[in-house]
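Chains as they are written, first to last, in the numbering used here: chain A, -10 to 315; chain B, -10 to 315.
Beta carbons: idealized from backbone N, C-alpha and C, even for Gly.
Small disclaimer: the values here were computed from a predicted structure and weren't measured.
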DNA sequence: CTGAAAGCGCTTACAG
DNA sequence: CTGAAAGCGCTTACAG
């Protein structure tokens, strides 16, 4: 049925050892023999069983990816960056979700114990940071894609939240705005504090409202600010969903964007192009972060040391209609 | 280092065979022995090596998922449905992308030959349908999540495109619209023909423009229709991106939605809630399609026969501001 | 009910 | 440069 190394060995009239050697391109094989073996391999369409190789070598050439959810707006970007890098290196990619709660987590940790993968990439796993830390301490290579400012006790890839906040403020300031309404996500996220600090460094005045990373937060914050008579000439939303809610509330209040109030978001989700007007926003390089994390992990699996400080990638201000340039 | 079945056997003072038996809950073990073995397993935190089990059993309890891209707007929904189902069944999920072209495809087919997974789930793989068909004929269980109306020569999960088109027409008609502008994707997609047929069954008149599934197509189609003086009182866009483009072009032309022209899309992407006004659209149950496909495949791996005709899931009209009810 | 042995398909010292 | 043999960690007839 299945073509095995024995079939190849028999047909090429060499030992399995020799076949294995040409497979793994160890030098010590006679060129003629090697050529003959390679011919047989092609003729038979032989591909080594990944399971058997893994068992014999004690490594599966597979990377695990753990995420809380696959439906978050930017998750596809991260995963694509990871997948491109991992595949190009010839590794497999095992995907795990914490989506079904405790049951998912058990399934995942069992797979860790089962040695299903050699290293782990984690994207924002919420409440599992402790578990992950102990897995890392136990010897499992782990890298976190960290858009929340968790700063874990193991290698991670982050972005310049502080500079991103500052760039939003600088842009608004340059276009003559000076009374911002800042709508943040939860303050216990490191990224929220960083974005806020960066923003205030440039534009220290204005109103700050804390909420969730949701459209409802953006809408509610703007409605309440307007109702209470607070005046503001721009909104800095800590993500694009908040910004979308703000846009809607402004429109419903009869205010024009950007003439009366300009709006800047954070993330640059695909939907940022489709709001009315299109959203000026601080882009997080999610795909690049996925790529960088994968490269870090693969390097670690190759024996290179993984840096302990986070690898930090730059944000970029994307200017669209909701807050045009000066 | 690693706890193996031998460690458990030794400590429980039984043979590996017996340990294996309690692991796989074959009945023929003395209850007392079984209990003792289970205690040792817990005490040692033993989990069987998935690689070794796979090699011995000739099956990896892993499912492959092949997709062209992870960044398509509805891909996360499909994958989440797949992941939930696959994980709950205790299977692993290996993810492959055709994203890097021929190189990706080679990586993928090698993994097939390497027996890295027991069955394959495919999401819209564009040009690989022939390859997949021959893999299926060669004995690999394959199920396709088919939102494009490919109708492959192997099991698949589809949606009611025709009924979806009809429901859009019925909704528009009931709210008094009778002169539609229909903007479709490429006619060589089965889903496009089906959606169009369903729509015209109810609303046979109007203008039909073919294009791509992009915002630019929607925008251009509306601009051109307006420029040429064609009159229409509603737009049926074959997906939500086209609809978003149509909304923008209508707004820029000074037309009000839905007062002057109402708009219906297809898909119900997350962005459909964020357009201005929010988009009435025909929802495709992508997560349910992912779940159904996974269930089908897992049943097949369990030895149950997989039905050859596509499993068809219903669409649902989601009414929002761009085309309110009558 | 239980165990010794062979086998799954590879890799890797070891010896020549 | 090459091969016989042991081993990776399991499962599964087979025998008792």
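**Interface flag, residue 89 (chain A) vs chain B, CB-CB below 9 Å** = yes
**Asked** By Cβ distance, which residues of its chain are closer than 6 Å to residue 208 (chain B), with the 5 residues on each side in sequence left out?
**Response** 234, 237, 238
**Asked** Are the beta-carbon atoms belonging to residue 184 (chain A) and residue 139 (chain A) less than 9 Å from one another?
**Response** no
**Prompt:** Measuring CA to CA, which of B:18, B:260, B:224 is closest to residue 3 (chain B)?
**Reply:** B:18
**Message:** Only counting the same chain, and skipping five residues up and downstream in sequence, which positions put a Cβ closer than 6 Å to that of residue 132 (chain A)?
**Reply:** 110, 144, 282, 285, 286
**Request:** Spatial neighbours of residue 199 (chain B) within its chain, please: CB distance less than 6 Å, with the 5 preceding and 5 following residues excluded, ordered by chain position.
**Result:** 173, 176
**Prompt:** Along the region 94 to 119 of chain A, what residues have a CB closer than 8 Å to any CB found in chain B?
**Reply:** 96, 99, 100, 102, 103, 104, 105
**Item:** Residue from A:232, A:170, A:86 with nearest C-alpha to residue 217 (chain A)
**Value:** A:170
**Message:** Please identify the residue among A:51, A:186, A:213, A:230 whose C-alpha is closest to the C-alpha of residue 201 (chain A).
**Reply:** A:230
**Message:** Given a cut-off of 9 Å on the beta-carbon distance, is the pair residue 259 (chain B) and residue 310 (chain B) in contact?
**Reply:** no
**Request:** Check whether the Cβ of residue 81 (chain B) lies closer than 9 Å to any Cβ atom in chain A.
**Result:** yes
**Asked** Do you know how far the Cα of residue 243 (chain B) is from the Cα of residue 75 (chain B)?
**Response** 50 Å
**Request:** Tell me, please, whether the region 158 to 170 of chain A touches the region 116 to 133 of chain A by the rule of three or more beta-carbon pairs shorter than 8 Å.
**Result:** no
**Ordered list of alpha helix (DSSP H) runs contained in the region 21 to 50 of chain A, each at least 4 residues** = 39 to 46
**Beta carbon proximity, residue 35 (chain A) to chain B, threshold 9 Å** = yes
**Prompt:** With respect to the alpha helix (DSSP H) encompassing residue 180 (chain A), which residues constitute its N-terminal and C-terminal limits?
**Reply:** 179 to 191
**Request:** Check each residue of the region 63 to 80 of chain B: if its Cβ is closer than 8 Å to any Cβ of chain A, include it; give the result in chain order.
**Result:** 64, 65, 66, 68, 69, 72, 73, 76, 77, 79
**Asked** At a Cβ cut of 8 Å, what residues of the region -5 to 9 of chain B count as close to chain A, listed as they run along the chain?
**Response** none
**Prompt:** How would you list, in chain order, the residues of chain A whose beta-carbon sits under 7 Å from the beta-carbon of residue 233 (chain B)?
**Reply:** 263
**Prompt:** Which stretch, first to last residue, makes up the alpha helix (DSSP H) that contains residue 145 (chain A)?
**Reply:** Where residue 145 (chain A) is concerned, there is no enclosing alpha helix (DSSP H), although the beta strand (DSSP E) it sits in stretches over 145 to 148.
**Message:** Strictly below 8 Å CB to CB, what residues from chain B border residue 260 (chain A)?
**Reply:** 259, 260, 263
**Request:** Return the CA-CA distance between residue 56 (chain B) and residue 114 (chain B), expressed in angstroms with no decimal places.
**Result:** 6 Å
**Item:** Whether residue 25 (chain A) touches residue -2 (chain A) by CB criterion (9 Å)
**Value:** no
**Message:** Against chain A, with Cβ distances strictly below 9 Å, would residue 39 (chain B) count as a contact?
**Reply:** yes
**Prompt:** Which first and last residues belong to the beta strand (DSSP E) in which residue 232 (chain A) is found?
**Reply:** Taken as a continuous stretch (DSSP letters only), residue 232 (chain A) belongs to no beta strand (DSSP E), being part of the alpha helix (DSSP H) at 229 to 241.
**Asked** Does residue 43 (chain B) have its Cβ less than 9 Å from a Cβ in chain A?
**Response** yes
**Message:** As a quick exercise: from A:14, A:22, A:42, A:20, pick the residue whose alpha carbon is nearest that of residue -6 (chain A).
**Reply:** A:42
**Residues bridged to residue 223 (chain A) [DSSP beta-bridge criterion]** = A:169, A:251
**Prompt:** Looking at residue 269 (chain A) and residue 300 (chain A), is the spacing between their C-beta atoms short of 9 Å?
**Reply:** no
**Request:** Give me the Cβ distance between residue 38 (chain A) and residue 40 (chain B), rounded to the nearest whole Å; I'm assuming they're in contact under 8 Å.
**Result:** Not quite, the Cβ-Cβ distance comes to about 10 Å (not below 8 Å), so this is no contact.
**Asked** Between residue 70 (chain B) and residue 290 (chain B), is the Cβ-Cβ spacing less than 9 Å?
**Response** no
**Prompt:** Taking the alpha carbon of residue 278 (chain A) as the point to measure from, which residue in A:266, A:182, A:147 has its own alpha carbon closest?
**Reply:** A:147
**Message:** Applying the 10 Å Cβ sphere with the 16-neighbour rule, what's the burial state of residue 92 (chain A)?
**Reply:** exposed
**Asked** Is residue 59 (chain A) close to chain B, meaning its C-beta is less than 9 Å from at least one C-beta of that chain?
**Response** yes
**Asked** Considering residue 124 (chain A), what are the terminal residues of the alpha helix (DSSP H) in which it resides?
**Response** 118 to 126
**Message:** Strictly under 9 Å for the Cβ-Cβ distance: is residue 284 (chain A) near chain B by that measure?
**Reply:** no
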